Amino acid sequence: MSEHDAYVAEKLGELLESLEALRRLGRQLTVHEQELVELARSQPRLKPTLKKEAEPPKTAARPARPAKPKTATEKPLADSAGENELRSIREEIGDCTRCKLHQGRKNIVFGDGTATAELMFVGEGPGADEDEQGLPFVGRAGQLLNKMIAAMGKRRDEVYIGNIVKCRPPGNREPEGDEVAMCLPFLQRQIRTIHPKMIVCLGRVAIQNLLDTKRPISQLRGQWQLYEDIRVMPTFHPAYLLRNPAAKKPAWEDLQKVMAELGWPLPKKEG
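Counting the sequence shown from 1 gives a position; our numbering is that position plus 21.
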């Protein structure tokens, strides 16, 4: 096999692996992607053991380069596929003008975190700080959420954080139905791409819109719900906790239920 043929075979193999990883993540391949899969599989030189070491040459040859050691920053294939899909969703959103929220925004707040998160937090929508920085939960409520995540024994970059809408409603009002209708499908695709083991819904707006219910938060908070095949724990929004410190204790109890279900270590009780 010539160097060119070997290179082409290797790249086709990598493409096939990436597309198969997307399929395992639950995303349905497009017609074009399915055609690429068939093309890759049809190549006569492509074998399941494509990347195995070549047989020793019969004649003297330049020694092969040692395999590049895997660094801590390298992500597994499934992670890369998930990140690529999230990037694709963000590109599809573009400079969105699908609803009137675009008129006053500074930045689209897409989401933040890892595509392989076991746990995802879903809030209502961006505030002033989030609109300024283009990241979810970076104001006072975001600082409290970071502390909540840290209390669970995790870093912010080990979970994923998103919102029902990705543009700031004027005056921090609740998003309206037509605005949610335009934006929610993108969040739903993010959830399907990441497919976390569990979701924590923060506040009434997030709970009612993600779960498609009119039930008040008082009937849902602390009780397991289901979004598709993912378990959901509804709890208070961090902004509410800042206004009502007494609610922090039940909110922490909600998070401990999530930790227990995920098998994360629970904090030791004092005394």
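Quick reminder that beta carbons are idealized off the backbone N, C-alpha and C, glycines included.
Since the model is a prediction, treat every value here as computed from it, not as a measurement.
Exposure of residue i, with buried meaning 16 or more beta-carbon neighbours within 10 Å
i	result
Thr-234	exposed
Glu-20	Nothing can be reported for residue 20, as the shown portion of the chain is limited to 22 through 292.
Asp-250	exposed
Gly-148	buried
Arg-225	buried
Glu-76	Note that Glu-76 has pLDDT 44, beneath the 50 cutoff, so the model's placement of it is unreliable and the number below is only indicative. Classification for Glu-76: exposed.
Ala-85	With a pLDDT of only 44 at Ala-85, under 50, the local geometry of the prediction cannot be trusted, and the value read off the model is given with reservation. So Ala-85 ends up on the exposed side.
Gly-163	buried
Glu-197	exposed
Ile-114	exposed
Glu-187	Reading off the sequence, residue 187 comes out as Lys, not Glu. Looking at its Cβ environment, which holds 16 or more other Cβ atoms inside 10 Å, Lys-187 is buried.
6 Å Cβ shell around residue i - same chain, five flanking residues per side excluded
i	result
Gly-243	Asp-275
Leu-232	Gln-246
Glu-104	Ala-136
Pro-90	Reliability of the predicted coordinates at Pro-90 is poor, the pLDDT of 42 falling under 50, and the value obtained from them is presented with this limitation in mind. Nothing listed; no residue qualifies.
Asn-265	none
Lys-72	Because the pLDDT at Lys-72 is just 38, under 50, the model does not fix this residue reliably, and the value given afterwards should be weighed accordingly. Here the set comprises nothing.
Glu-15	Residue 15 is absent from the model: the chain starts at 22 and stops at 292.
Leu-208	Gly-183
Close-in-space but distant-in-sequence residues of the same chain around residue i (CB under 8 Å, 5 per side omitted)
i	result
Tyr-181	Gly-132, Asp-133, Gly-134, Thr-135, Ala-136, Ala-138, Leu-140, Met-141, Phe-142, Gln-211, Ile-215 and Pro-217
Val-159	Asp-150 and Glu-151
Gln-154	Asn-128
Ile-220	Leu-140, Met-141, Phe-142, Val-143, Ile-212, Leu-231, Tyr-248, Ile-251, Arg-252, Val-253 and Met-254
Ala-172	Trp-273, Leu-276 and Pro-288
Pro-286	Gly-174 and Met-280
Ala-268	Phe-257, Tyr-261 and Leu-262
Leu-223	Phe-142, Val-143, Gly-144, Glu-145, Leu-166, Thr-256, Phe-257, His-258 and Pro-259
Sub-8 Å separation of residue i and residue j beta-carbons
i	j	result
Ala-227	Ile-185	yes
Cys-120	Ile-129	no
Pro-206	Gly-183	no
Leu-165	Leu-262	yes
Beta-ladder partner(s) of residue i, from DSSP
i	result
Gln-246	Val-253
Asn-184	Gly-144
Cys-222	Val-143 and Pro-255
Gly-134	Tyr-181
Contact test: residue i Cβ vs the ligand ADP heavy atom, cutoff 7 Å
i	result
Leu-140	Only the bare structure without any ligand can be found here, which leaves the ligand ADP out of the picture.
Residues of its chain near residue i, where Cβ-Cβ distance is below 7 Å and the 5 sequence neighbours each way are ignored
i	result
Leu-241	Ile-228 and Pro-255
Arg-161	Leu-263
Met-203	Arg-119 and Cys-120
Lys-278	Met-254
Self-check item: contact_flag[the segment 178-192, the segment 120-137] where n(CB pairs < 8 Å) is 3 or more
Solution: yes
Quiz item: Is there contact here, the segment 177-185 with the segment 250-265, by at least three beta-carbon pairs under 8 Å?
Solution: no
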